[in-house]
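Q: The structure's right below; bear with me while I get my questions together.
There are 2 protein chains.
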Amino acid sequence: MFMPEHAHNKEHAILDAAEHEFLTKGFDGARTTSIARAAGVTHAMLHYYFRTKEKIFERILDEKMRLMGESVLTAFGTPGLPLSERLRQGIENHFDLIAANADLPRFVVNEVFSRPERYEAMRQRIRRIMEPLLAGLQHDLDEAAARGEMDSVDALMLLLDIISLNVFPFLAYPVLEPLLGDLAGDKARFLALRRAENVEIIRKRLQKTPQR
Amino acid sequence: MFMPEHAHNKEHAILDAAEHEFLTKGFDGARTTSIARAAGVTHAMLHYYFRTKEKIFERILDEKMRLMGESVLTAFGTPGLPLSERLRQGIENHFDLIAANADLPRFVVNEVFSRPERYEAMRQRIRRIMEPLLAGLQHDLDEAAARGEMDSVDALMLLLDIISLNVFPFLAYPVLEPLLGDLAGDKARFLALRRAENVEIIRKRLQKTPQR
DNA sequence: ATATTATTTAACAAAATTGTTAACACAAAG
DNA sequence: CTTTGTGTTAACAATTTTGTTAAATAATAT
Numbered sequence: 466m467f468m469p470e471h472a473h474n475k476e477h478a479i480l481d482a483a484e485h486e487f488l489t490k491g492f493d494g495a496r497t498t499s500i501a502r503a504a505g506v507t508h509a510m511l512h513y514y515f516r517t518k519e520k521i522f523e524r525i526l527d528e529k530m531r532l533m534g535e536s537v538l539t540a541f542g543t544p545g546l547p548l549s550e551r552l553r554q555g556i557e558n559h560f561d562l563i564a565a566n567a568d569l570p571r572f573v574v575n576e577v578f579s580r581p582e583r584y585e586a587m588r589q590r591i592r593r594i595m596e597p598l599l600a601g602l603q604h605d606l607d608e609a610a611a612r613g614e615m616d617s618v619d620a621l622m623l624l625l626d627i628i629s630l631n632v633f634p635f636l637a638y639p640v641l642e643p644l645l646g647d648l649a650g651d652k653a654r655f656l657a658l659r660r661a662e663n664v665e666i667i668r669k670r671l672q673k674t675p676q677r
Numbered sequence: 466m467f468m469p470e471h472a473h474n475k476e477h478a479i480l481d482a483a484e485h486e487f488l489t490k491g492f493d494g495a496r497t498t499s500i501a502r503a504a505g506v507t508h509a510m511l512h513y514y515f516r517t518k519e520k521i522f523e524r525i526l527d528e529k530m531r532l533m534g535e536s537v538l539t540a541f542g543t544p545g546l547p548l549s550e551r552l553r554q555g556i557e558n559h560f561d562l563i564a565a566n567a568d569l570p571r572f573v574v575n576e577v578f579s580r581p582e583r584y585e586a587m588r589q590r591i592r593r594i595m596e597p598l599l600a601g602l603q604h605d606l607d608e609a610a611a612r613g614e615m616d617s618v619d620a621l622m623l624l625l626d627i628i629s630l631n632v633f634p635f636l637a638y639p640v641l642e643p644l645l646g647d648l649a650g651d652k653a654r655f656l657a658l659r660r661a662e663n664v665e666i667i668r669k670r671l672q673k674t675p676q677r
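Protein sequences, first through last, are from chains A and B.
Position one of the first sequence corresponds to residue 466 (this note's numbering), numbered consecutively onward.
Position one of the second sequence corresponds to residue 466 (this note's numbering), numbered consecutively onward.
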């Protein structure tokens, strides 16, 4: 029976169960006993493998923050395309990545943004990921503006526009749902419309104001 | 010593302390003993006035949800102005109301959006507040579009654009802060820029695409 | 085979947390 | 003054929750 020794069955089962528990209930609402039950192990095993609830949580949080940063990078990182096309693809990729991890935004808002000590530890990582991306984007935006192809904008403001528009609907969906009228219940169709709207609003934001 | 009997000193002190505790820590993270300590009463008083932790929480949640709905209504409710001006004022008022209650969005995202049973109870209220507002806005948008003054848009999509853009920066501020560069630490200045950006992006969204 | 190390279990322990209760204080009403 | 109702306190209780530990079992190495 060969099995790579890093893939402890139970350790992995615990991490899977913990991910679900922490993502849906948050750190304070999560119960180690509930994680153990879902993983099919006694709760003493949690402590054997991870010592404390905090340590399991950190494992999950680290992974999710990495995914979050990665999603921004891979979404907007495609080079070799005209800027407007790169942005359109970036918005769509970013939207799709969030759609595929729809509970991630709320988790990050809950667990990171509300605890200064947690995001203190991530400041550096965030900067190292975002600053080069912003610098490159700003460079391209400035060039396009100098050629008169686009309105001049600040890269951070533009990225914040995009992320706000892409993320917020997933946070607010439960409250939105009763307002959707004819497309209530048809989440997929709403999301498709929303994705298109986000592309369109950013396209128009960058459009040069017509001279009159 | 006259004192309106509904203004029990301690009852009010408990509600104040509970508001702070629940807003900053959420239902699961909040401790009734901590609320009692902050209010300067024994924790038995909490149960005397409110029976259970749940009941105190509901009081706070109800008030905050009302404030949330009210903020949208009062922000966009000003009649008798041209639509573009009404929208500009609406965006600015809504932004300012959130800025004055900066911990509200996270609270609502945490406590309502993640608990189906909680927002189930609010569906009706949300509909009764939002549907007339949306219908009125859609009417005006359609008129302006028919006159050729504006691009044609769906009112719900437009409102979601605005709320996304206004709310998200407050949710994400802790993560944004290290990226602000020269205006890091100067939250007021960043928020002023952000408010202006939100007005501008919506203005351009509604702008008719130039014929070519 | 034996020794050593890793994994697993069940029972226990400590602390925290929400909620209850009986007694007490005190003002107002009769 | 006595009664009645409200507010208040301290002590207690029940449960939950995280974490520990000693003993049992399985795996691995010597």
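Where a beta carbon is used, it is the ideal one built from N, C-alpha and C, also for glycine.
If you compare alpha carbons, which of B:Ile628, B:Ile479, B:Leu606 is closest to Arg516 of chain B?
A: Here residue 516 of chain B is taken as the residue at index 51 of the second sequence, counted from 1. Arg516 of chain B has its Cα closest to that of B:Ile479, out of B:Ile628, B:Ile479, B:Leu606.
Q: My assumption, with CB atoms under 8 Å, is that Arg660 of chain B sits in contact with Glu557 of chain B. Please give the rounded CB distance.
A: Working through the second sequence from its first residue, we reach residue 660 of chain B at position 195. Working through the second sequence from its first residue, we reach residue 557 of chain B at position 92. That belief holds up - the Cβ atoms of Arg660 of chain B and Glu557 of chain B are roughly 6 Å apart, short of 8 Å.
Q: For Asn678 of chain A, which of helix, strand or coil comes out of DSSP?
A: Chain A is shown from 466 up to 677; residue 678 of chain A falls before or after that span and cannot be answered.
Q: I'd like the ranges of any alpha helix (DSSP H) spanning at least 4 consecutive residues and lying wholly in the stretch 485-517 of chain B.
A: Qualifying alpha helix (DSSP H) stretches, in chain order: 497-504, 508-515.
Q: Does Ala567 of chain B pass the burial test, meaning 16 or more other C-beta atoms within 10 Å, or should it be called exposed?
A: Counted from its first residue, the second sequence places residue 567 of chain B at position 102. Classification for Ala567 of chain B: exposed.
Q: Whether or not the stretch 560-577 of chain A and the stretch 599-616 of chain A are in contact is what I'm after, with contact meaning three or more pairs of Cβ atoms, one per stretch, closer than 8 Å; do they touch?
A: With the cut-off at 8 Å, the stretch 599-616 of chain A and the stretch 560-577 of chain A do not touch.
Q: What residue from B:Tyr584, B:Asp616, B:Ala620 has the CA that sits closest to Gly601 of chain B's CA?
A: As a working mapping, residue 601 of chain B is identified with position 136 in the second sequence. It is B:Ala620.
Q: Give the secondary structure of Val577 of chain A by DSSP, where H, G and I count as helix, E and B as strand, and everything else as coil.
A: Translated into positions along the first sequence, residue 577 of chain A becomes position 112. Coil, per DSSP.
Q: Could you name the residues of chain B that Ile666 of chain A contacts, counting a contact when the two beta carbons are closer than 7 Å?
A: To locate residue 666 of chain A, count along the first sequence from 1; it is residue 201. Simply Asp626, Ile666, Arg670.
Q: What number of angstroms, rounded off, separates the C-alpha of Val618 of chain A from the C-alpha of Arg502 of chain B?
A: Counting from 1 along the first sequence, the entry for residue 618 of chain A is found at position 153. Counting from 1 along the second sequence, the entry for residue 502 of chain B is found at position 37. Each residue's alpha carbon lies about 50 Å from the other.
Q: On the CB-based measure, 16 or more other CB atoms within 10 Å of its CB, does Asn631 of chain A come out buried or exposed?
A: Indexing the first sequence from 1 puts residue 631 of chain A at position 166. It is buried - the Cβ of Asn631 of chain A has at least 16 other Cβ atoms within 10 Å.
Q: Roughly how many whole angstroms lie between the Cα atoms of Glu535 of chain B and Leu644 of chain A?
A: Mapped onto the second sequence, residue 535 of chain B falls at position 70. Mapped onto the first sequence, residue 644 of chain A falls at position 179. The straight-line gap from Cα to Cα measures roughly 17 Å.
Q: From the DSSP output, in three-state form, read off Thr539 of chain B for me.
A: Taking the second sequence and counting its residues from 1, one reaches residue 539 of chain B at position 74. The answer is helix: DSSP assigns Thr539 of chain B an H, G or I state.
Q: Does the Cβ of Gly491 of chain B have 16 or more other Cβ atoms within 10 Å, making it buried, or fewer, making it exposed?
A: Counting from one through the second sequence, the residue named residue 491 of chain B turns up at place 26. Gly491 of chain B comes out buried.
Q: By the three-class DSSP mapping on this structure, what secondary structure does Asp616 of chain A have?
A: Looking up residue 616 of chain A in the first sequence gives position 151. Three-state result, Asp616 of chain A: coil.
Q: Can you find the residues in the same chain that come closer than 6 Å, C-beta to C-beta, to Ala482 of chain B, ignoring five residues on each side of it along the sequence?
A: Position 17 of the second sequence, counted from the first residue, corresponds to residue 482 of chain B. Hits under 6 Å: Ile500, Ala503, Ala504.
Q: Measure the Cβ-Cβ separation of Glu662 of chain A and Met622 of chain B and say whether it is below 8 Å.
A: As a first step, residue 662 of chain A must be located in the first sequence, where it is residue number 197. As a first step, residue 622 of chain B must be located in the second sequence, where it is residue number 157. Yes; because the gap between Cβ atoms is below 8 Å, this pair is in contact.
Q: Between the alpha carbons of Ile594 of chain B and Leu641 of chain A, how many angstroms are there, rounded?
A: Position 129 of the second sequence, counted from the first residue, corresponds to residue 594 of chain B. Position 176 of the first sequence, counted from the first residue, corresponds to residue 641 of chain A. Those two C-alpha atoms are separated by around 13 Å.
Q: Tell me the DSSP secondary structure of Lys673 of chain A in three-state form.
A: Start at 1 with the first residue of the first sequence, and residue 673 of chain A comes out as number 208. Correct three-state label for Lys673 of chain A: coil.
Q: Is the Cβ of Ile591 of chain B closer than 8 Å to any Cβ of chain A?
A: Working through the second sequence from its first residue, we reach residue 591 of chain B at position 126. Ile591 of chain B counts as touching chain A.
Q: Looking only at its chain, what residues have a beta carbon closer than 8 Å to the beta carbon of Asp616 of chain A, apart from the 5 residues adjacent to it on each side?
A: Mapped onto the first sequence, residue 616 of chain A falls at position 151. Once the five neighbours on either side are set aside, the close Cβ partners of Asp616 of chain A are Ala610, Arg670, Leu671, Gln672, Lys673, Thr674.
Q: Quick one, are the C-beta atoms of Ser629 of chain A and Phe633 of chain B less than 8 Å apart?
A: Here residue 629 of chain A refers to the residue found at position 164 when the first sequence is read from its first residue. Here residue 633 of chain B refers to the residue found at position 168 when the second sequence is read from its first residue. Cβ atoms of Ser629 of chain A and Phe633 of chain B: closer than 8 Å.
Q: Since Glu576 of chain A contacts Leu526 of chain A with CB under 8 Å, what's their CB separation in whole angstroms?
A: By one-based count along the first sequence, residue 576 of chain A stands at place 111. By one-based count along the first sequence, residue 526 of chain A stands at place 61. The Cβ separation is near 6 Å, so the contact holds.
Q: In terms of residues, what are the limits of the alpha helix (DSSP H) holding Ala609 of chain A?
A: By 1-based counting over the first sequence, the position of residue 609 of chain A is 144. Here the alpha helix (DSSP H) through Ala609 of chain A covers 588-611.
Q: Hey, out of B:Asp626, B:Ala649, B:Asp651, whose CA is closest to Glu665 of chain A's CA?
A: Sequence index remark: in the first sequence, residue 665 of chain A carries index 200 (1-based). Considering only alpha carbons, the answer is B:Asp626.
Q: State yes or no: is the C-beta of Leu624 of chain B within less than 8 Å of the C-beta of Leu606 of chain B?
A: Position 159 of the second sequence holds residue 624 of chain B. Position 141 of the second sequence holds residue 606 of chain B. It is not a contact, given that the beta carbons lie outside the stated cut-off.
Q: Could you tell me which chain B residues have their CB closer than 9 Å to the CB of Asn575 of chain A, listed as they occur along the chain?
A: Along the first sequence, one-based indexing puts residue 575 of chain A at 110. In chain order: Gly491, Arg571, Val574, Asn575, Ser579.
Q: Name the residue from A:Tyr638, A:Gln554, A:Pro570 whose alpha carbon lies nearest to the alpha carbon of Glu585 of chain B.
A: For the purposes of this step, residue 585 of chain B is taken as the residue at position 120 of the second sequence. Residue A:Tyr638 is the option with its Cα nearest to Glu585 of chain B.
Q: So what does DSSP say about Leu623 of chain A, is it helix, strand or coil?
A: Counted from its first residue, the first sequence places residue 623 of chain A at position 158. Helix.
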